[in-house]
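Residue numbers (the working numbering): 466 to 782. Structure record follows, encoded as structure tokens.
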Amino acid sequence: MKLRVAVQMDPIERINIQGDSSFALMLEAQARGHELSVYTPDRLTQIGRDVFASARPCAVRDIVGNHVSLGAETRIDLARETDVILLRQDPPFDMAYVTTTHMLERVHPKTLVVNDPAQVRNAPEKIFVLDYPHLMPPTIVTRDKAEIAAFRAEHKDIVVKPLYGNGGAAVFRLTEDDLNYGSLIDFFSTSFREPWMVQKFLPAVAKGDKRILLVDGKFAGAVNRVPAEGDLRSNLIRGGAAQTTELSSRESEICETIGPELSKRGLLFVGIDVIDGNLTEINVTSPTGIRAIKRLGGPDVAVATWDAIEARVGAKA
């Protein structure tokens with residue numbers, strides 16, 4: 466089965482191929498003989514119900530500094546000239562991002578979009594997770610200062626982060642006696658129009674924040690991310706160290722609890738974050754982790770992902 470695959474992503478010339486899951490998925494697609502093209506979200510056009518992209522055919526190589534060759538840009542009809550679209554641009558999950566999900570919804574499922582654009586829109590990573598409060602640390606989503614003050618008074622040590630942020634940006638820990646509390650709340654009030662996520666701080670984050678990848682609702686691989694000394698954040702992009710890991714019984718329970726809903730929603734490739742047995746986020750936009758897991762001797766999650774994609778395309782053929 467030879468598929469025409471378009472990848473909606475940030476400029477491919479600028480990505481870090483050693484950590485980028487999009488690139489891992491493209492390498493596997495190419496190895497299977499699928500045709501690849503790429504475009505950035507600003508190259509989408511909708512005319513009536515038809516959606517077009519100004520895309521460039523590409524070939525990828527696992528060579529730092531020489532990882533892609535691009536052909537001439539052509540205008541393609543996404544519903545008629547592609548079989549699969551990988552929705553892979555990074556957040557912020559703003560109105561520009563939301564608009565692309567509306568446009569791609571016109572294409573899906575005639576052309577399979579991974580992940581389902583309507584479900585990506587309806588499952589913001591720090592809100593969808595609230596469907597599973599029994600799996601989470603104490604959490605609120607609000608910009609009400611009185612609610613935040615009461616939450617801090619109850620839990621003493623809290624983390625505040627923007628609701629639609631990514632990569633560990635603007636994540637702050639506030640202890641009970643932190644004199645920066647008022648200034649930080651003022652900063653968030655002026656910087657972010659949307660509510661914020663506020664969670665009880667989990668000291669066990671020092672031992673790692675586990676990224677677990679699920680493919681079509683099933684566990685596919687995991688990596689433990691340990692924060693750099695003196696940093697709260699474990700994101701690999703922020704200097705976190707990747708370590709091999711196995712699932713605990715609690716983490717298996719989390720996967721088994723949320724997996725069926727992920728599959729039902731057409732969220733084929735998902736990354737969840739777990740600290741000390743507590744689910745903190747469900748990442749459905751452009752989760753990372755494939756390359757780190759494989760580099761540490763774990764399974765190649767790109768293989769499992771393409772097996773699932775091909776099964777979905779074959780089922781509707």
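Just so it is clear, CB atoms sit at the ideal spot from N, CA and C, and this is done for glycine as well.
Secondary structure at residue 488: helix, using DSSP grouped into helix, strand and coil.
Taking the Cα positions, residue 706 is about 25 Å away from residue 531.
The closest CA to that of residue 765, considering only 491, 468, 478, 637, is found on 491. The shortest CA-to-CA distance from residue 746 to any of 579, 684, 689, 602 is the one to 602. About 6 Å separates the beta carbons of residue 495 and residue 525, which is inside the 8 Å limit, making them a contact pair. With fewer than 16 neighbouring CB atoms inside 10 Å of its own CB, residue 647 falls in the exposed class.
The C-alpha of residue 518 lies about 7 Å from the C-alpha of residue 543. Excluding the 5 residues flanking it on each side, residue 769 has same chain C-beta neighbours closer than 7 Å at 680, 685, in chain order. Ranking 653, 593, 669 by CA distance to the CA of residue 735 puts 593 first. Residue pairing by DSSP places residue 604 opposite 664 in a beta bridge. In the structure shown, the three-state DSSP call for residue 674 is strand. Assignment of residue 512 by DSSP, reduced to helix, strand and coil, places it in the strand class. Secondary structure note for residue 724: it is in no beta strand (DSSP E), and the uninterrupted alpha helix (DSSP H) holding it is 714-729. An exposed status is given to residue 512, since fewer than 16 other beta-carbon atoms sit within 10 Å of its beta-carbon.
Per DSSP, the beta bridge partners of residue 689 are 675, 708. By the neighbour-count criterion, in which 16 or more other beta carbons inside 10 Å mark a residue as buried, residue 474 falls on the buried side.
Sequence-distant partners of residue 582 (beyond 5 residues in either direction) whose C-beta falls short of 7 Å from its own C-beta, in its chain, are 552, 566, 569, 570, 573. DSSP places residue 652 inside the alpha helix (DSSP H), whose first and last residues are 646-656. As DSSP reads the structure, residue 533 sits in a beta bridge with 525. DSSP places residue 582 in the uninterrupted alpha helix (DSSP H) bounded by 582-587. In chain order, 486, 676, 678, 734, 735, 736 place their CB closer than 8 Å to the CB of residue 752, counting only its own chain and leaving out the 5 sequence neighbours on each side.
A straight line joining the alpha-carbon of residue 744 with that of residue 692 spans about 17 Å.
It is roughly 9 Å from the alpha-carbon of residue 672 to the alpha-carbon of residue 740. Non-local C-beta neighbours of residue 781 in its own chain, meaning closer than 8 Å and more than five positions away in sequence, comprise 574, 577, ordered along the chain.
A distance below 9 Å separates the beta carbons of residue 635 and residue 626. In the DSSP assignment, residue 545 falls outside any beta strand (DSSP E) and lies within the alpha helix (DSSP H) extending over 543-546. Of the candidates 540, 515, 504, 516, the residue whose Cα lies closest to the Cα of residue 523 is 504. By alpha-carbon distance to residue 564, the top candidate from 690, 585, 478 is 585.
CA-to-CA, the gap between residue 630 and residue 662 works out to about 10 Å. The beta carbon of residue 533 lies closer than 6 Å to those of 477, 523, 525 in the same chain, with the five residues before and after it left out. If you check the CB distance, residue 469 and residue 548 come in under 9 Å.
Per DSSP, residue 751 has no beta bridge partner at all.
Cβ-Cβ distances below 7 Å link residue 580 to 552, 731, 732, 733, 734, 749 in the same chain, with the five nearest sequence neighbours on each side left out; the list follows chain order. Between the beta-carbon of residue 689 and that of residue 664 there is about 19 Å, and that puts the pair past the 8 Å contact cut.
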